Amino acid sequence: MLYRLPMLRGAIAAACTPLRDGGDRLDDDAFAPYVDFLAAGGLDGVLALGTNGEGILLSVAERKRVTELFLESSRGRLLVAAHCGAQTTADSVELAAHAARAGADAVAVIGPPYFKLDAEAQRRHLLAVACACAPVPFYVYEFAATAGYPFDPEMLLRLRDQAENVVGMKVSDQPWEAFETYLLDGFDVFVGPEALIHRGLEAGAVGAVSALASAFPEDVAAV
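Residue numbers for the sequence shown follow the numbering used here, so the first one is 344 and each next one is one higher.
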């Protein structure tokens, strides 16, 4: 497989989204110092607009701007993954295509919330988004408590065979028995829950995407 971008590894911050005016507007001026703080803490990258970044609550236009601001602020010091999960496939496709054009190092997508998708609907949704950002590396974001349902592991293996930029997952499920379901052959897995980081790394995960790292980057980078 050929990729034009490096693969994610190591300690990734599940970044907050700087807001102002009581949360009504993006705080454009706060992104650069925030990224400076994360980079100085020794992290390898950031996941923008994930659960910790409240991406699902922002408009498509706001999410595009957030991706651009993280990329501009990182200046190559941190890898930037953009979470492009949304309620509709159309919005996810638009966000993923924009992230690829903007220069994101990776795209991640959670399952559309509210309606429970069966395995075939999951596959079709993820495949459309992965194709929209190819050849940018694509990561499935597994968080059943937030999406309302888990991704089907057998579906994920089929998806990987259909889109060569599908390379890994962020798994935020707990307890361990739910997490380990997604330690699939050929997938680079990132640990979401801090309580599972050590065990996940010992079991073959390649890194962590940590909310704690967004405030205490040095502590997570040291792991």
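For every residue, glycine included, the Cβ atom is placed at its ideal position computed from N, Cα and C. If you're wondering where the values come from, they're calculated on a predicted model, not measured in any experiment.
Where M344 and L412 are concerned, what is the direct C-alpha to C-alpha distance, given to the nearest angstrom?
Since pLDDT at M344 reaches only 42, below the 50 mark, its modelled position is unreliable, and no value is offered.
Distance, Cα to Cα, A521 vs A488?
11 angstroms
Three-state secondary structure (DSSP) at S435?
It is helical.
CA-to-CA distance, D461 to P455, given in whole angstroms
12 angstroms
Am I right that V389 and A440 are in contact with their C-beta atoms under 8 angstroms? What's the rounded C-beta distance?
So it is not a contact: roughly 20 angstroms between Cβ atoms.
Beta-carbon within less than 7 angstroms of G384's beta-carbon, same chain only, minus the 5 sequence neighbours each way: which residues are those?
P560, E561 and A564
Going by DSSP, what residue range makes up the alpha helix (DSSP H) through V403?
V403 to S417
Sheet register partners of R368 (DSSP bridge):
R363
Taking V409 as the reference, give the member of S435, T431 and C359 with the closest Cα.
C359
From the DSSP output, in three-state form, read off S515 for me.
coil
Given L502 as reference, the closest of R363, A464, A447 and D370 once Cα atoms are compared
A464
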